[in-house]
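Sequence order for the protein chains is A and D. Once you know that position 88 of the first sequence is 88 in the numbering used here, the rest is easy, because the numbers rise by one and skip nothing. Once you know that position 137 of the second sequence is 137 in the numbering used here, the rest is easy, because the numbers rise by one and skip nothing. Ideal placement from N, C-alpha and C gives every residue a C-beta, glycine not left out. Since we're looking at a predicted model, the values are computed, not measured. Just below is one structure, and these are the notes that go with it.
There are 2 protein chains.
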Amino acid sequence: MDKTRILLVEDDMNLGSLLKEYLIAKGFDTNLQVDGAKGLLAFKREHFDLCILDVMMPVKDGFTLAKDIRIMDPEIPYIFLTAKYMKTDILKGFNLGADDYIIKPFSMEELLLRIEAILRRTTKSSNQETFLVGNFIFDTNKQLLTKKDAEPIKLTTKESDLLKLLCQYSNQVLERNYALKAIWKDDSYFNARSMDVYITKLRKHLKSEPGIQIINVHGKGYKLIRE
Amino acid sequence: MDKTRILLVEDDMNLGSLLKEYLIAKGFDTNLQVDGAKGLLAFKREHFDLCILDVMMPVKDGFTLAKDIRIMDPEIPYIFLTAKYMKTDILKGFNLGADDYIIKPFSMEELLLRIEAILRRTTKSSNQETFLVGNFIFDTNKQLLTKKDAEPIKLTTKESDLLKLLCQYSNQVLERNYALKAIWKDDSYFNARSMDVYITKLRKHLKSEPGIQIINVHGKGYKLIRE
DNA sequence: AATCACTGTTAATGTGTGTTAACCCGCATA
DNA sequence: TATGCGGGTTAACACACATTAACAGTGATT
């Protein structure tokens, strides 16, 4: 599984860059923005797994930003940072769907632990080695699609890698860029076309399974549908 | 949905009974136990959805209790209460899989908000996947409009996203701005015109359904009418 | 009634995707 | 060194999707 992507929005550059550095050191892919408006732009541009938002910020405060983000992605968890212990703020934040609330000054260690506690609930179970795909058993290690009373299908490495990603994102969009970076290490035009070719190949392998479908999400990526 | 069942283990009877009373008033089915050993017995006897454990307790402390509970139910979320701000304690607690940590003294309101934040993540999201639209079954995942004795209609991603929003707001106004932010990420003039085009497309798909109508609410947005 | 902003619809445009087949390259075998 | 094969990439063509343009129609306001 790839790195968790965090959107960090904090106007205090000292604290912001320190936090960013710390989070990166802890293995999170972290994007720091200095105000709510820039944070919103970043969110429109990229995909994130968690938001850490300062409440008091110029241009657009953390709560307003959270409201906007919520419309676009109602599922994403967020943590608010606030300098003042204001009860109404906390209440407001939680009602906006905050997953946690941290009062400055806080220890980075505690922030990290709270992030992990949230991700534990949010992210799906670990690195699965085998998946059920329709009637097939997909063994990601052996790169094999096995079905009762049928010759196993050998998958090539690329086929297998791609199918594994699709399985991990079952019924969710697997973004092109994400898959390209994960498998091809590079999201160039030709790699993207290459990926399309592999989607075709996987569809052929899976066309015997009526409950399974790989559908395209225009401009975003692909989705493995299973019923 | 039934009441959420909370196991509260706290040796300070004053605080314990106060909390219990408060949680019951807030609609939680709450069981108070005064030490870790009794807490464990209660857990063996009944089913709970959330645990709130004091760390410092006679007979069996909160951490030890959490370890025992974890073996029986690895999924259950818990919140630790502690009187002292001890960093090592917090660390230990989170490593045990704590979902949250509250330092005494705390406001009951904050505890409630933290409980709700955790339950929001824990209990399955009521995110509806399929809708009945006239005689059609609309599968938002597969992006399909299916009707008996008829070829299913494949919807494009945008068509599907928009219809899903309309369904969620059935018989209410789906505001332009909201839909634009949710689907197009941006409420510019051109995106708004694009949305109109999709409304036309959806109306065409649904014109076979006499009970279904997408009407315009001038200056506001659209409304999916179903009888 | 006149005006302006909002909406309905169709069609043109450019970009994204599906698919097949040709191509390239490394590797094992002869 | 040649040969064939498997895995992966590139090319080419057809088609689908989303946006934009253009024009017609509607509602609100004066």
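| Query | Result |
| --- | --- |
| Option nearest Phe80 of chain D by Cα separation, candidates D:Met57, D:Tyr222, D:Pro74 and D:Met72 | D:Met57 |
| Interface flag, Leu50 of chain A vs chain D, CB-CB below 8 Å | no |
| Candidates A:Tyr178, A:Ile118, A:Phe136 and A:Ile103, of which the one nearest Ile212 of chain A by Cα | A:Phe136 |
| Chain-order list of residues whose beta-carbon lies under 7 Å from that of Lys20 of chain A (same chain, five-residue window excluded) | Leu8, Thr30 and Leu32 |
| Buried/exposed call for Gln128 of chain A, threshold 16 Cβ in 10 Å | exposed |
| C-beta neighbour in chain D for Arg120 of chain A, strict 8 Å | yes |
| Ile214 of chain D CB to nearest heavy atom of the ligand NAP below 7 Å | Of the ligands one can find in the structure shown there are none, so the ligand NAP has no counterpart to examine. |
| Chain A contact for Gln143 of chain D (CB, 8 Å cutoff) | yes |
| Beta bridge counterpart(s) of Lys223 of chain D as assigned by DSSP | D:Val173 and D:Ile215 |
| Contiguous alpha helix (DSSP H) assignments of at least 4 residues, all confined to the region 50-114 of chain D | 62-72 and 87-95 |
| Integer Cβ distance of Ala182 of chain D from Ile71 of chain A, believed to fall under 8 Å | 5 Å |
| Beta carbon proximity, Glu227 of chain D to chain A, threshold 8 Å | no |
| Contact set between the region 82-110 of chain D and chain A, restricted to residues whose Cβ is under 9 Å from the partner | Lys87, Ile90, Leu91, Gly93, Phe94, Asn95, Gly97, Ala98, Asp99, Asp100, Tyr101, Ser107, Glu109 and Glu110 |
| Secondary structure of Leu166 of chain A, DSSP reduced to three states | helix |
| Members of the region 181-197 of chain D near chain A, C-beta cut-off 8 Å | Lys181, Ala182, Lys185 and Asp186 |
| Test: Ala25 of chain D CB closer than 8 Å to a CB of chain A | no |
| Reduced DSSP category for Lys148 of chain D - H, G, I as helix; E, B as strand; rest coil | coil |
| Same chain only: Cβ atoms within 7 Å of Ser170 of chain D, ignoring 5 sequence neighbours per side | Leu224 and Arg226 |
| Residue range of the alpha helix (DSSP H) that includes Val197 of chain A | Tyr189 to Leu206 |
| C-beta neighbour in chain A for Tyr222 of chain D, strict 8 Å | no |
| Any chain A beta carbon closer than 8 Å to Glu116 of chain D | yes |
| Where Thr157 of chain D meets chain A, residues with beta-carbon distance less than 7 Å | Val217 and His218 |
| Under 8 Å (Cβ pairs) to chain D, residues found in the region 37-49 of chain A | Lys44 |
| Interface flag, Leu65 of chain D vs chain A, CB-CB below 8 Å | no |
| Extent of the continuous beta strand (DSSP E) to which Leu32 of chain D belongs | Asp29 to Gln33 |
| Cβ neighbours of Glu46 of chain A in the same chain (closer than 6 Å, five flanking residues each side left out) | none |
| Same chain only: Cβ atoms within 6 Å of Gly39 of chain A, ignoring 5 sequence neighbours per side | Val9, Gln33 and Leu65 |
| Tyr78 of chain D: contacting residues in chain A (beta-carbon distance under 8 Å) | Simply none; closest approach about 10 Å. |
| Glu116 of chain A versus Gly134 of chain D - alpha carbon distance | 45 Å |
| Any chain A beta carbon closer than 8 Å to Tyr178 of chain D | yes |
| Contacting residues, own chain, Cβ-Cβ under 8 Å from Asp186 of chain A (five flanking each side not counted) | Leu180 |
| Chain A contacts made by the region 204-215 of chain D, where a contact means CB separation under 8 Å | none |
| Short Cβ contact (8 Å threshold) for Tyr78 of chain D with Leu53 of chain D | yes |
| Helix, strand or coil at Asp139 of chain A according to DSSP, with G and I counted as helix | strand |
| Supposed close pair Thr82 of chain D, Val55 of chain D - CB separation, criterion 8 Å | 4 Å |
| Within chain D, the residues that Asp68 of chain A reaches when beta carbons sit closer than 8 Å | Lys181 |
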